[in-house]
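*Asks:* Dropping a structure here in structure tokens format, bear with me for questions.
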Amino acid sequence: MGKLLVLILVVLAAYALTKALAGPKRGARSGSPGAGARRRTGERMVPCAHCGLNVPESEALSAGGRFFCCDEHLRQFRQ
Ligand SMILES: [Zn+2]
Numbered sequence: 017m018g019k020l021l022v023l024i025l026v027v028l029a030a031y032a033l034t035k036a037l038a039g040p041k042r043g044a045r046s047g048s049p050g051a052g053a054r055r056r057t058g059e060r061m062v063p064c065a066h067c068g069l070n071v072p073e074s075e076a077l078s079a080g081g082r083f084f085c086c087d088e089h090l091r092q093f094r095q
């Protein structure tokens, strides 16, 4: 019984050690740059019918079943 306990402790210690060594390097910095944090995950991206730029559906302007990235392109489509 004592051996099993030691084994568990060794495994836990090794796990904690690898996490401590590997974690901060990969995780914290590269994971979330400022621009990416703003974008909500799972939101649908729609292409602008005028210039083809992909914009989040909630920020896109829609007219006649088409999406536009900005007011300018929406107006140009309507003319
Ligand atoms: Zn556009």
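Going by the working numbering, the sequence shown opens with residue 17, and the numbers climb by one from there. We put the beta carbon where it would ideally sit given N, CA and C, even for glycine. Please read all numbers here as calculations on a predicted model, not as lab measurements.
1. Using the three-state DSSP reduction, which class does LEU90 fall into: helix, strand or coil?
2. Verify whether the separation of the beta carbon atoms of GLU88 and PRO72 is less than 8 Å.
3. Report yes if the CB atom of ARG94 is closer than 8 Å to the CB atom of ALA76, and no otherwise.
4. What I want to know is whether the C-beta of LEU77 ends up closer than 7 Å to one or more non-hydrogen atoms of ligand 1.
5. To the nearest angstrom, how far is the alpha carbon of VAL26 from that of ARG82?
*Replies:* Based on what the coordinates show:
1. Counting from 1 along the sequence shown, the entry for residue 90 is found at position 74. Helix at LEU90.
2. Residue 88 sits at position 72 when you count from the first residue of the sequence shown. Residue 72 sits at position 56 when you count from the first residue of the sequence shown. In this structure, PRO72 does not lie closer than 8 Å to GLU88 by Cβ.
3. Position 78 of the sequence shown holds residue 94. Position 60 of the sequence shown holds residue 76. No, the pair does not count as a contact, with Cβ atoms beyond the cut-off.
4. For the purposes of this step, residue 77 is taken as the residue at position 61 of the sequence shown. Not under cutoff, so the answer is no.
5. As a working mapping, residue 26 is identified with position 10 in the sequence shown. As a working mapping, residue 82 is identified with position 66 in the sequence shown. Whole-angstrom Cα-Cα distance: 60 Å.
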